[in-house]
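Engineer: Per my numbering, the sequence shown starts with residue 606, numbered consecutively. Beta carbons: idealized from backbone N, C-alpha and C, even for Gly.
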Amino acid sequence: MTERARARPELPPEGGRPPRVVVENVTPEVDGGRFPIKRTVGEKVVVEADAFGEGHDAITVVLRHRRARDAAWTEVDMEPLGNDRWRGAFVVSALEPYVYTVEGWVDPLESWRRGLEKKAVAGTVEAVDLLVGAELVEEAAGRASGADATLLHAWASELRGAGPLDDRAARALDDALALVAARHADRSRAGRHGRELPVTVERERARFAAWYELFPRSASPEPGRHGTFQDVIERLPYVAGMGFDVLYLPPIHPVGRAFRKGRNNAPQASPEDVGSPWAIGGPEGGHEAIHPALGTLDDFRRLVARAGELGLEVALDLAFQCSPDHPWVKEHPEWFRRRPDGSIQYAENPPKKYQDVYPIEFENPRWRELWAALLAVVELWADRGVRIFRVDNPHTKPFRFWEWLISEARRTRPDLIFLAEAFTRPKVMYQLAKLGFSQSYTYFTWRNTKWELTRYLGELGRTPVHDFFRPSFWPNTPDILPEALQYGGRPMFQARLVLAATLAASYGIYGPAFEHVEGRAVHPGSEEYLDSEKYQLRHWDLDRPDGLRDFIARVNRIRRENPALQSDHGLTFHAIDDEQLIAYSKATEDLADVVLVVVNLDPHHVHAGWLELPLAPLGLATEEPFQVHDLLGGGRYLWHGSRNYVELDPRVSPAQIFRIRRRVRTERDFDYFG
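1) Which whole-angstrom value is the C-beta distance of Ser928 and Gly887, which I expect to be below 8 Å?
2) Assuming Val730 and Gly693 make a contact with CB atoms under 8 Å, what is their CB distance in whole Å?
3) May I ask you to report which of helix, strand or coil DSSP gives Ala673?
4) The alpha helix (DSSP H) that contains Gly660, what's its start and end?
5) CA-CA distance, Ile838 and Gln1232?
6) Does the region 659–674 come into contact with the region 612–623, if we say contact requires no fewer than three beta-carbon pairs (one atom in each stretch) closer than 8 Å?
7) Excluding the five sequence neighbours on either side, which residues of its own chain have a C-beta within less than 7 Å of the C-beta of Arg862, listed in chain order?
8) Just grab the DSSP bridge partners of Ala920 for me.
9) Measure the CB-CB distance between Thr1029 and His1000 and report whether it falls below 8 Å.
10) Can you name, in chain order, every residue of its own chain whose Cβ lies under 6 Å from the Cβ of Leu1086, other than the five neighbours on each side?
11) Ignore the nearest five residues each way along the sequence and tell me which others in Arg812's own chain have a CB closer than 6 Å to its CB.
12) Considering only the beta carbon of each residue, do Leu915 and Leu841 sit closer than 8 Å?
13) Which same chain residues end up closer than 7 Å to Gly1214 when comparing Cβ atoms and leaving out the 5 residues on each side of it in sequence?
14) Which residues does DSSP list as the beta-bridge partners of Thr645?
15) Does the region 896–906 touch the region 950–970, meaning 3 or more C-beta pairs lie closer than 8 Å?
16) Shortest alpha-carbon distance to Thr1107 belongs to which of Tyr1092, Glu1229, Ile1163 and Arg865?
17) Looking only at DSSP bridge pairs, what is Tyr951 linked to?
18) Using beta-carbon positions only, say whether Pro1317 and Phe834 come within less than 8 Å of one another.
19) Does Trp1056 pass the burial test, meaning 16 or more other C-beta atoms within 10 Å, or should it be called exposed?
20) Kindly identify the DSSP beta-bridge partner or partners of Asn1249.
21) Can you give the Cα-Cα distance for Lys643 and Tyr703, rounded to whole angstroms?
22) Using the Cβ count rule (16 or more neighbours within 10 Å means buried), how would you classify Ser1190?
23) Whole alpha helix (DSSP H) runs in the region 1136–1162 with 4 or more residues, listed along the chain?
24) Note down the Cα distance separating Pro641 from Ala676, rounded to an integer number of angstroms.
25) How many Å lie between Val806 and Phe1042 at the Cα?
26) Where does Asp988 land, buried or exposed, given buried means 16+ other C-beta within 10 angstroms?
27) How far does the alpha helix (DSSP H) with Pro1031 in it extend, from its first residue to its last?
28) Do Phe864 and Tyr817 come within 8 Å of each other at the CB atom, strictly closer than that value?
29) From Pro1069, His858, Val1122 and Val737, pick the residue whose C-alpha is nearest to that of Ala1089; which is it?
30) Output the boundary residues of the beta strand (DSSP E) element that contains Pro1076.
31) Run through DSSP, which three-state label would Arg830 get?
32) Give the secondary structure of Gln1185 by DSSP, where H, G and I count as helix, E and B as strand, and everything else as coil.
33) Quick one, which of Gly1066, Trp678 and Ala783 has its alpha-carbon nearest Val667's?
34) Whole angstroms are fine: how far does the CA of Val860 sit from the CA of Pro932?
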């Protein structure tokens, strides 16, 4: 039998030689780059990646970044972390989208220099070793131009010269010359990450803000009179004086009359009942109109302008739903769901019925016109000076709608901020954040124990959640009076405020109910307020001596004066041997600002414990004392070592917010804490 002729083996595909460096496991990366990470102007993007090649050749890895509209890349050398992991960083400096990626290549010249250095130490350098290097330098010179090319040619000539071998070897190891050659490396076989990863850049208010919610119709100083925008203007110094950044107003549109709810959500309303602001629309107009009792559009513009003068931004509620009296119900009946008997489906949350609210049907055949109309609502109020929207129940509307609307709205107004009121399942909340929402309400409202808080904050802080999801912590809302606030009294309100304001960079309260320590529920077991402002006017005595106005102002001042509290990064929980005490610190990256918070979670009893504070991670020396300054109470304490005693009486203050101050020794041996 003759041997069968073998077929000619196929050649590799034509084209350039394949890359020699693998780039993978790039972080941050959200869903493979499908969604952007979030940063605010001036924030750093820290990128890590695995990058490696075969064998032992040296590789160079760079982080490439640019504004999305630019063609040219900026490159940053990435530093090795060990085990083929690399890290680099860049700062987003403009309010516009960025992209980044990672690239790596084998560096023959650096590989040669590493080998030559070992031979130099061993005393085994040969002339031929320098000739090898000269060829590599000449190749780099061929890719260079101008002064760099001249310098590299001269370097190659020196390596080939007749001078002493040791002198030429030392010249070969000149780091300054190697840096010039590195600028002209052969990158034809570079390995690249498969995608350009996006960054959404927003303004600082998307990251750091204190929100205050009030009902304009309850802003009147006279009991029983419907409040106006002018009344809100007169209340602005009160809100600004407490240190808030955002004044959030529930819907300011005309309120429907059909099926209007009475006090405490009564099914039948009396003639004087004002109804729910979320039952939007009446004969006066819909989402584009203003409730006549509040004032005019000019009044609203004056409110926005005066708020700006006091350092406040006005946020509006974006509630895409309609009362039966909304003009859209007649003009666009196809935008609403019809039941078999021909009636329109109203909102329900069994056993609750909201006959005064019609949800919008997003799956209707005329959905394009609907989407355009809703975008027009956002653009209209943006034209009127509003740059922040709190969005009501976004999780009940299509995901793709929000992705489209937010993208379109920001196309011409990149400074728009959207807060999602999405008390729903975690994956749904996260999806809304990925689609463009700047912030989201969270489960903080119901997290009360040390175990619940540490576990939940651990979830929010893990990768990749913290790269796209910004939490906003609210101790209360008009819809939610948590059980803890119903029975915990003033100490619980104080504790929850401190937790919200220091655990999260963004937080908010519904006031004046909060600073008035309003804890009355409509009935036991309910989270609804008794005499809720959602259904009636309320009158608030802003000068009550037992209120929390001054306490809130101190907490907000502490937030503004300490950069560590202005980010959701840098949070660390610390061990303390009492389950009713929770302790944590937040620090800036450079440790220039370190804040330590201890809160008594029990509003009724004194609790004490020994706090374990890791010193080195907080920039503290084990042999030096350090000062902790209680920014709430004013006390200063000198602590030694990692274990220190803390005691909190909720009747005095349920929390301490410490600024950690290190000992500073001057040239004259004068010690102070800074």
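Structural biologist: Looking at the coordinates:
1) 7 Å
2) Contact doesn't hold; Cβ gap of about 34 Å is too wide.
3) coil
4) That residue, Gly660, is in no alpha helix (DSSP H); it is neither H nor E in DSSP.
5) 43 Å
6) no
7) Counting only Cβ-Cβ distances below 7 Å, and skipping sequence neighbours, we find Gly887 and Asp930.
8) Per DSSP, the beta bridge partners of Ala920 are Tyr853 and Ile993.
9) In terms of Cβ geometry, Thr1029 and His1000 form a close pair [threshold 8 Å].
10) Ala1126, Glu1132 and Tyr1134
11) Thr645 and Ala1110
12) yes
13) Ile1181, Asp1182, Asp1183, Leu1186 and Val1251
14) Glu807
15) no
16) Ile1163
17) DSSP lists no partner for Tyr951.
18) Residue 1317 lies beyond the residue range present for the chain, which begins at 606 and ends at 1279; the question has no answer from this structure.
19) Around the beta-carbon of Trp1056, fewer than 16 other beta-carbon atoms lie within 10 Å, marking it exposed.
20) Leu1216
21) 10 Å
22) By the 10 Å Cβ count, Ser1190 comes out buried.
23) none
24) 19 Å
25) Rounded to whole angstroms, Val806 to Phe1042 spans 12 Å at the Cα level.
26) With fewer than 16 Cβ atoms within 10 Å of its Cβ, Asp988 is classed as exposed.
27) Pro1031 to Leu1040
28) no
29) Val1122
30) Pro1076 to Phe1078
31) In this structure, Arg830 counts as coil in the three-state DSSP scheme.
32) Correct three-state label for Gln1185: coil.
33) Trp678
34) 12 Å
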